[in-house]
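FYI, this note's numbering numbers position 381 of the sequence shown as 487, with every residue one higher than the one before it. From the three backbone atoms N, C-alpha and C, an ideal C-beta is built for every residue, glycine too. The model shown is predicted, which means the values in this text are computed figures rather than measured ones. See below for the structure under consideration.
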Amino acid sequence: MGARSRGLRGPARAELPRFKGLRQGFSQPAARGFAGECAPGERRVSLDEFLGVSGLRRKVRIGTSGWDYDDWVGPLYESERGMFTAYTRLFDTVEVNSSFYTLLSERFYEGLARSSPPGFLFSVKMYRGVTHKRAASPRRSEELETFLKSIAPLARSGKLGAVLVQLPPRGREEIPWLGDFLSILPKSLRVAVEFRDPSWLAEGTFKLLQDSGAAYVIVDEPLLPPVVRVTASFAYIRWHGRGGRPWYYYHYSVEELKPWAERVRQLADQVELVLGYFNNHFRGFAPHNALQMLVLLGLAEPRHMAALSKMERHFSSAPPIRPEAVREGDVEEILRALAGERRFQRGLEISPSEVECRVEERRVWARVKSYRVEVDAEARRIYHDCEDWRKLAESKRFCKH
């Protein structure tokens, strides 16, 4: 989940941590990272080098898409209590995704503004009722007005990073209203537009965004190439992952992140602010990769290195990722990935006597305990009436049922 702000103040300067491999890049003592102490004879970072990253520190914000994931307990969090507070001790920005699925209240954002540290930035994904259910007319709708009013506490507190407008997966010809729509949004907002169809990768699109002052959302994903274009005074990056189904079930390696760190540096030379969010949330991959990115950028402080060391130890002992099992239809592996280990184990504890199921060619009806489940493969829709599912479905995760 997330949002943004005008205050571009970076975190207080602290002593730069020492770690292996600074001279030649980063070594990997654990499965996918680089936490550790500087070995004898290896070069430590000089004060001049440290001061050289102060520009990046003012301009670059790295975080994740959302923060309240149960499977982050263990890799990142100590417990389910106080997740947001623990998150803000490590990162200075977050992307709010639940705002896409429902209109959140003004009080919700007031709570975020009040409970987050000074200078923290939230980026908020625009409600899909505005972006995905629009008619051809770009009139300001009641839903748009409600959304804009709800995020006002973040803007007033200086903690609104950007508003993310994710378009439906349609081509340019099917969304002729984009320019008109952008023109009616408040000029005070930072607006970033994410496309989900290759037909938008055209000079006309970039000119439209530039004329509107909106940022092109730079993505790392299987659908679109990682085109880096600056169309506004800020840049917005989303690392979705490179997995098969789903994309987000992916753990970036350090070598895969190094080229992105260089792109972030180049972007910081061209804009006032760079907002970057890892959306590969499964199993704690997103915060791990976000911490690694901070190290690659030279922005890591002792608190980051301590958290990274903990995550390195976790992933070095965790079961290996099996993306091929997901591609090949290993049901157990898919359920583990989508539900998380703890929910998966709780699901196994449900007695078969508490489950009724009726299957047709393209539909499934089931009752699990007192809850109803309907799967419509034709419409690609799942209906379920448990409260846990309602919350988890927003981030494409499964409950134990």
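Where the beta strand (DSSP E) through residue i begins and ends
i    : result
T170 : V166 to T170
S229 : L227 to K231
L381 : L379 to F384
R464 : V461 to V465
A412 : From DSSP, A412 is part of no beta strand (DSSP E) but of the alpha helix (DSSP H) over P408 to S423.
W345 : F340 to W345
R348 : Note, R348: premise wrong, no beta strand (DSSP E); not H, not E.
D482 : Y477 to D482
Length of the line joining the Cα atoms of residue i and residue j
i    : j    : result
V299 : E378 : 18 Å
A141 : P282 : Confidence is the limiting factor: at A141 the pLDDT is only 46, short of 50, which leaves the residue's position unreliable and the question unanswerable from this model.
Y322 : D174 : 27 Å
V385 : F301 : Note that residue 385 is Asn in the sequence shown, not Val. Between N385 and F301, the C-alpha separation is close to 16 Å.
W495 : R452 : 14 Å
A374 : W366 : 12 Å
A396 : D303 : 26 Å
R217 : K231 : Note that residue 217 is Gly in the sequence shown here, rather than Arg. Near 17 Å, if we compare the C-alpha coordinates of K231 and G217.
V179 : G310 : 45 Å
L315 : V236 : 19 Å
F340 : G161 : 15 Å
T208 : Y233 : 6 Å
L405 : N203 : 25 Å
G131 : V200 : Its pLDDT being 35, under 50, G131 is placed unreliably by the model, and the measurement read from it follows with that caveat. Cα-Cα distance, rounded: 27 Å.
Y477 : H387 : 27 Å
I257 : E212 : 6 Å
H490 : S415 : 39 Å
S318 : T337 : 9 Å
G446 : K313 : 42 Å
Reference residue i; option with closest CA among the options
i    : options                   : result
D198 : S204, S205 and F190       : F190
S294 : K231, D303 and L266       : L266
P393 : A219, Y183 and P274       : Y183
S423 : P181, P274, R164 and G235 : P181
R449 : H420, E467 and D176       : D176
M399 : V465, E362 and Q376       : E362
F391 : S222, W471, H420 and L402 : H420
R486 : S256, R469, C492 and Y477 : R469
K255 : H238, L291, K239 and Y354 : L291
F206 : W345, V479, L273 and W471 : L273
Start and end residues, alpha helix (DSSP H) containing residue i
i    : result
G188 : No alpha helix (DSSP H) holds G188; DSSP gives it neither H nor E.
Check whether the region 282–293 and the region 323–330 touch, using three or more Cβ-Cβ pairs below 8 Å as the test.
no
At 3 residues or longer, and completely inside the region 247–289: list those beta strand (DSSP E) runs for me, N to C.
266–272
Are three or more beta carbon pairs between the region 167–186 and the region 380–389 nearer than 8 Å?
yes
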